[in-house]
Amino acid sequence: MPLDPNHIINFLGNTINDKFNSELLDLIIKRIHKLCFEECQIDRIQCTLTPLCTRRFLLKLRIKNGLPLEDLPKFCYSVQKNIVLRDFRGKTVVYRPVDAYLYLVDFLDIFFHGDYRKLNKFISFQNWSEALEIFDDRIKNQNENFRYHQKGNFLIIKYDDRLHIVFVDEKYVLCNANRENIVSIELLQAICEFYAKLYFPEIKVKLTKSNYVEITSILPKDVLNTISETPAEAENPSKLDHYFWNVFYEDLEGMLQFCKEIHLEYDWMGNLLIKLWINLETNNFNEKKYKIQLRYRDLRFLLNFIQRLYNEFYVIWL
Amino acid sequence: MANVNNDKDLMEKIKKMTTEGKIDAVVEKIANYLSQSDEENSIERLEYVLETISSIMGGRTVIRFLIENSIIDIPTVLQNLSKRDNLLRYSVLLNLKTIVEEESDLFLPYSVELLGSEDPNVREALLQLLIFIVGGEKEIEDEPLLELIASKLVDDRDFVIEKAIQTLKAIGKKNPSIITRILKKFTKECSENEDLKKSIDDILRSIVTVEKIEEIVEEEESKIEKPIEELVEKEKELETKEIELKEKEKELENKAVELEVKEILSSFDLAQNEKEKQLKEKEIELKEKELELKEKEKKIELEEKIDKQTLPKKLIKEEAAILDKEIELKKKELEFKKKKLELEEKEKKLEAIEIIEKQKVLKIKEELIQREKQLEQVEIDLKKKSLEEKERKIMEDEAKRIKEKKTELEKKEHN
């Protein structure tokens, strides 16, 4: 029976093998190097159209670990950059560049071409006032369709429905964040705040003492009073009745996959408070029975729920 | 801005018409669009068109029509796309794949020009097109083109080298002998380049299978055999000439000896002075002839040397090595034949002995048969004799009985 990945994982996880792990890892590193530099990017057509690693994850491995451009397969990286650029410009791409990592300067070159040198300098030195001034100018005066939010080590940029996360200290950017895990509570809070600011400003986002991000939606008493007491009362239920009697519980069930806790409570005025408690873990388990980390797409699912609730049943009735 | 919107509208129309299958109309529209471009926007327009049609159903057919109707040509496309976007260039190349496979004549004429392009992207793209061409039914046997491709194995850009390797592998799979020959030739020209050796090694390993080795060797042998045969023939000629010269030398020596003898004999004959003179003259003539012959011999030797010098030293060495091997092989063959003959002789002797023995056995058998026959005859004779005796006895007994009866009857009559 040949070796399978579990054998390697188990071997590396076993402390008895510590002496041999470096040898084994050295073999893997050499193989990766050969694959990238000698087998894949040497044939540029292949590297462009059918790279030998799925969605250039080996490039991500290098960038996320802080390797400089000199240690990257340069042609492969140039293709990655070009694909993000083409996707941004609405041109045909071989694959949608989701979760693509780029160096900050290249990201800025694509999305803010005219100001990218200045922006790179300002962001690198965390000179936010200058950087945000450029952003604001572009939004107001050049009608560019993007929004941004800066918090701590993160700058979140949203172009249409695409979310790009700038890791300021690391000087790299996650473009089209989707399946990647959210790496910190600070970032999680920042994204929630960003969405709240954009789509549901009355909804509260805060960090609890137990390190959860709490998102509180308020369903006003007036709205609640319009919901029928039993589902059978009306043959053609209103939209509100239909939602709260038929869909709401399914939504809550769906939310429970990604929220640590959901609290439904009344405040002193009789409004219904829907509190979602989120952290970096979901309530789902993987094959090894470890909790799956919260991903950007999961968070988007949560935020879409809140946005719908807000737009359809909160603002209208307030 | 208005232009951009117009372009977008046109491209949307083109997309729609292409999906509806109105290819001729699309081609006409594109032709108009491109013909209205100026120096500044011509590349942009070409890119825009290719970008639009390369990603939609039926786009490939449109590209084919554009090429066939000379609205776009391959050198222009490759040279212009080279400057912009790798992804677009490779996408267009992929779209050209089936056209290239089926209609290589549209592309092959540009091969030499584009392989010599200063832009490595163009060289790479052309090599990729050649790979597509070979992927179809077409075989590339044009040696100057193949040599040009092989020359890209020492290109200054790695990705061009890699593409050249792939191209030669693709061609070599269909036609290994030509590629092997060209690569050998190329290796000799650049014998010190280690990377080149590796590349060539890589190509040869992938194209030369055990089955194909025999084909290549046979082809090469037939080509190598000719010069070897010529050399052997020349050697034979030289050997025969040498032998002839030696024979003539011997004749001359003999004649000289004869003359000397005659001289001695004639020294006693004073009256033969004139003859002596004549003889001396003849001797001189003979010596002259001898000298001439020696000169000729030297000339032949020189010619032989010149012939050898004109060939490259390596070739001479190789040929010498081949000749040595051939001689060794011939010797071995002769030894083998001798042994065969010996064996055959032994076999024949054994067969002869066998035959003799068989003959002896046959003779003995014949003798035995004769003896048996004699014995049978004797037996028959004996049986005949015994029968005759028995008959005689019976006859005698009968006669006796008749006599007795007669005597009895006579006695009775008397009584």
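Chains as they are written, first to last, in this note's numbering: chain A, 3 to 320; chain B, -6 to 408.
Glycine included, C-beta positions come from ideal geometry on N, C-alpha and C.
- Three or more Cβ pairs closer than 8 Å define a contact, and the stretch 15 to 25 of chain B meets that threshold against the stretch 43 to 55 of chain B.
- Where E72 (chain A) is concerned, there is no enclosing beta strand (DSSP E), because DSSP gives it neither an H nor an E.
- For the 8 Å CB-CB criterion, T69 (chain B) and I16 (chain B) do not form a contact.
- Scanning chain B for C-beta atoms nearer than 7 Å to the C-beta of K93 (chain A) yields E44, reported in chain order.
- Chain order gives the chain A residues near L86 (chain B) as I47, where near means a beta carbon separation below 8 Å.
- L119 (chain B) is positioned such that its CB atom lies no closer than 8 Å to that of S192 (chain B).
- For the stretch 148 to 160 of chain A, no residue has a beta-carbon sitting nearer than 8 Å to a beta-carbon of chain B.
- In the DSSP assignment, T218 (chain A) is bridged to A:K206 and A:K277.
- Setting aside the 5 residues that flank it on each side, E132 (chain B) is surrounded in the same chain by K167 and N168, each with a C-beta closer than 7 Å to its C-beta; the list follows chain order.
- By the Cβ rule, the stretch 60 to 75 of chain A does not count as touching the stretch 98 to 112 of chain B, because fewer than three pairs are nearer than 8 Å.
- For L74 (chain B), the uninterrupted alpha helix (DSSP H) run begins and ends at I67 to L74, by DSSP.
- By the criterion of a C-beta distance shorter than 7 Å, F77 (chain A) is surrounded in its chain by Q43, R46 and C49, once the five residues flanking it on both sides are discounted.
- Per DSSP, the beta bridge partners of Q152 (chain A) are A:L157.
- Counting only Cβ-Cβ distances below 7 Å, S48 (chain B) has contacts in chain A at T94, in chain order.
- Between the beta-carbon of I159 (chain A) and that of I193 (chain A) there is about 12 Å, and that puts the pair past the 8 Å contact cut.
- Residue nearest to N114 (chain B) within the set B:K366, B:R77 and B:I142 is B:R77 (criterion: CA-CA distance).
- Between E187 (chain B) and chain A, the shortest Cβ-Cβ separation is not below 8 Å.
- As for any beta strand (DSSP E) of minimum length 3 sitting wholly inside the stretch 16 to 61 of chain B, there is none.
- D112 (chain B) places its beta carbon less than 8 Å from that of S75 (chain B).
- Q43 (chain A) carries a coil assignment under DSSP once its states are collapsed to helix, strand and coil.
- Taking the beta carbon of R88 (chain A) as reference, the chain B residues within 7 Å of it are L80, listed in sequence order.
- The alpha-carbon separation between C177 (chain A) and T202 (chain B) amounts to approximately 48 Å.
- Within its own chain, the residues whose Cβ lies closer than 8 Å to the Cβ of N186 (chain B), once the five positions on either side in sequence are excluded, are V147, listed in chain order.
- DSSP, read as helix, strand or coil, puts C49 (chain A) in helix.
- Counting every other CB atom within 10 Å of its CB across the protein chains shown gives Q159 (chain B) a total of 16 or more, marking it as buried.
- Rounded to the nearest angstrom, the gap between the Cα atoms of D194 (chain B) and E40 (chain A) is 16 Å.
- Residues of the stretch 135 to 167 of chain B with a Cβ closer than 8 Å to any Cβ of chain A, in chain order: D151, F152, E155, K156 and Q159.
- For a Cβ distance threshold of 9 Å, nothing in chain B lies close to T52 (chain A): the least Cβ distance comes to about 10 Å.
- In this structure, R181 (chain A) and R297 (chain A) form a Cβ contact; the two beta carbons are roughly 6 Å apart against a cut-off of 8 Å.
- For Y97 (chain A), the secondary structure class from DSSP, reduced to helix, strand or coil, is coil.
- The straight-line gap separating the alpha-carbon atoms of K21 (chain A) and I31 (chain A) is approximately 17 Å.
- Taking C-beta separations shorter than 7 Å and ignoring five residues to either side along the sequence, the partners of V81 (chain A) in its chain run C49 and T50, following chain order.
- Under the 8 Å criterion on CB atoms, V81 (chain A) is classed as interfacial with respect to chain B.
- Interface criterion met: the Cβ of I85 (chain A) is under 8 Å from a Cβ in chain B.
- Residue nearest to Q72 (chain B) within the set B:K351, B:R116 and B:I60 is B:R116 (criterion: CA-CA distance).
- Beta bridge pairing from DSSP links H265 (chain A) with A:K277.
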